[in-house]
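For reference, the structure is listed below as structure tokens.
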Amino acid sequence: MTKLYLNGEWINPAEAKISVMDRGFLFGDGVYEIIPVYSRMPFRLDEHLARLQQSLDGVALVNPHSLAQWRVLILKLATDAQWEDQSIYIQVTRGTMAVRNHAFPAVIQPTVMLMAEPLTTPPEAMRTNGIATVSAIDTRWLRCDLKTTSLLANCLLRQYAVAQNCVETILFRDGLLTEGSASSIFVIKAGVLFAPPKDHRILPGITYDIVLELAATYGLPVIVRDIAETETRNADELWLASSTKEILPIATLDGKSIGRIGVAPSLPVGVGETKAKPETAALQGSRTKDVLFAVADDGTPSATSRWPIHTKMLAWYQTYKHEVMRHG
Ligand SMILES: Cc1ncc(COP(=O)(O)O)c(C=O)c1O
Numbered sequence: 619m620t621k622l623y624l625n626g627e628w629i630n631p632a633e634a635k636i637s638v639m640d641r642g643f644l645f646g647d648g649v650y651e652i653i654p655v656y657s658r659m660p661f662r663l664d665e666h667l668a669r670l671q672q673s674l675d676g677v678a679l680v681n682p683h684s685l686a687q688w689r690v691l692i693l694k695l696a697t698d699a700q701w702e703d704q705s706i707y708i709q710v711t712r713g714t715m716a717v718r719n720h721a722f723p724a725v726i727q728p729t730v731m732l733m734a735e736p737l738t739t740p741p742e743a744m745r746t747n748g749i750a751t752v753s754a755i756d757t758r759w760l761r762c763d764l765k766t767t768s769l770l771a772n773c774l775l776r777q778y779a780v781a782q783n784c785v786e787t788i789l790f791r792d793g794l795l796t797e798g799s800a801s802s803i804f805v806i807k808a809g810v811l812f813a814p815p816k817d818h819r820i821l822p823g824i825t826y827d828i829v830l831e832l833a834a835t836y837g838l839p840v841i842v843r844d845i846a847e848t849e850t851r852n853a854d855e856l857w858l859a860s861s862t863k864e865i866l867p868i869a870t871l872d873g874k875s876i877g878r879i880g881v882a883p884s885l886p887v888g889v890g891e892t893k894a895k896p897e898t899a900a901l902q903g904s905r906t907k908d909v910l911f912a913v914a915d916d917g918t919p920s921a922t923s924r925w926p927i928h929t930k931m932l933a934w935y936q937t938y939k940h941e942v943m944r945h946g
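Residue numbers (the numbering used here): 619 to 946.
In structure tokens:
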């Protein structure tokens, strides 16, 4: 069994206990990180640890560990866990208090927990057929840039999607796109990638950064600016991105089809559209601009042509991921 780390000890999950006076339990007073691990190698570890530091700074919590100490803990977990691919969860709370009080205790002993879970990447069908989403008003607080454990609004918004057999809820605040309840959202229009700015309204996603870096590398034009709800609904392509879901095409928003061909996302591949062709080695290895807007060679409607730029981005992402994994 994979042990978890709690306040200096490696223990079986069933034996892990925290006090009911822990501020994380009572107030959601804590921050967290989730780091994907492929073949036991943490992906973009430094970036995740930098974001953890930003979240800690944002809630005035002193980092209980140095970068070197975090690395040792995370690498031990990644090495010892029973799965090759993992999702490592880190949580730091403001610890316990003697009497329930919103104000911080004079002396703070943070609660630190790390655990690994198997990494479940989305099934191939989701990449091929896209996912169904719904929309809602962004009811979260105005520090969405911090990865805090107070996630009730996110949970309610996510459940709103689940209740409608959808994968994600896309959020709008004051008529502008923010993000998904647990993901970043990108818009493609007329061959340009639009991304909402990284400010207090969204979480600075690690995958968001990778998408923008890959766009720059391969010559996909990018505009980072506020994106109107109407622009989102009229997108040529909509993408969802996160460390665990990677980059998924959105097939429907509130029941309306996104993309070139109106195929219901629940249909299996082969019904209503040609099975997506796997990306060719030439495309995956290529860094030229001329492949950007390619559609299926024979011109037939295909999943590839429904979200052509997504198909390219996913191939670039997979290539990048494997390069990083090969070189550490
Ligand atoms: C609200 C929110 N936005 C964006 C993301 C994507 O962030 P990352 O790419 O770092 O996983 C997440 C991931 O959990 C999230 O919860």
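The beta-carbon is built from N, C-alpha and C at its ideal position, and this holds for glycine as well.
Since the structure is predicted, the reported quantities are computational estimates derived from the model, not experimental observations.
Report yes if the C-beta distance between residue 856 and residue 865 is below 7 Å; otherwise report no. no
Can the beta-carbon of residue 778 be found closer than 7 Å to that of residue 691? no
I need the straight-line Cα distance from residue 650 to residue 852, nearest angstrom please. 34 Å
Given a cut-off of 7 Å, decide if residue 872 and residue 752 are closer than it, judged by their beta-carbon atoms. yes
Residue 802 vs residue 786 beta-carbon contact at 7 Å: no
For residue 675, three-class secondary structure by DSSP: helix
Quick check on residue 661: does DSSP put it in helix, strand or coil? coil
Counting C-beta neighbours from all protein chains within 10 Å, is the total for residue 684 16 or more, i.e. buried, or is it exposed? exposed
For the candidate residues 638, 928, 627, whose alpha-carbon lies nearest to that of residue 980? For the chain, the structure presents residues 619 to 946; residue 980 sits outside this window and is missing.
Any non-hydrogen atom of ligand 1 closer than 6 Å to residue 823 Cβ: yes
Proximity test, residue 673 beta-carbon vs ligand 1 heavy atom, cut-off 6 Å: no
Span separating the alpha-carbon of residue 656 from that of residue 745: 19 Å
What do you reckon, is the C-beta of residue 802 under 6 Å from a heavy atom of ligand 1? yes
Heavy atom of ligand 1 less than 6 Å from the Cβ of residue 637, yes or no? no
Can you tell me where the alpha helix (DSSP H) holding residue 825 begins and where it ends? 824 to 836
Using a 10 Å radius around the Cβ and a threshold of 16 neighbouring Cβ atoms, would you call residue 719 buried or exposed? exposed
Would you report the Cα separation of residue 676 and residue 633, rounded to the nearest angstrom? 31 Å
Taking only runs that begin and end inside the region 715 to 779, name each unbroken beta strand (DSSP E) of 3 or more residues, in chain order. 729 to 736, 749 to 755
Which residues mark the beginning and the end of the alpha helix (DSSP H) in which residue 782 is found? It is not in any alpha helix (DSSP H) - residue 782 carries neither H nor E in the DSSP assignment.
Pick helix, strand or coil for residue 631, following the three-state DSSP scheme. helix
As a quick exercise: from 845, 828, 764, pick the residue whose alpha carbon is nearest that of residue 935. 828
Comparing alpha-carbon positions, which option in 731, 839, 733, 808 lies nearest residue 588? As displayed, the chain neither begins before 619 nor continues past 946, which places residue 588 out of reach and without an answer.
For residue 635, count neighbouring C-beta atoms within 10 Å of its own C-beta (all shown protein chains included) and say buried if the count is 16 or more, exposed if not. exposed
What separation, rounded to the nearest whole angstrom, lies between the Cα atoms of residue 799 and residue 854? 22 Å
Residues that DSSP places opposite residue 656 in a beta bridge: 659
Thinking C-alpha only, which one of 762, 830, 696 is nearest residue 669? 762
Check whether the Cβ of residue 797 sits closer than 6 Å to any heavy atom of ligand 1, and report yes or no. yes
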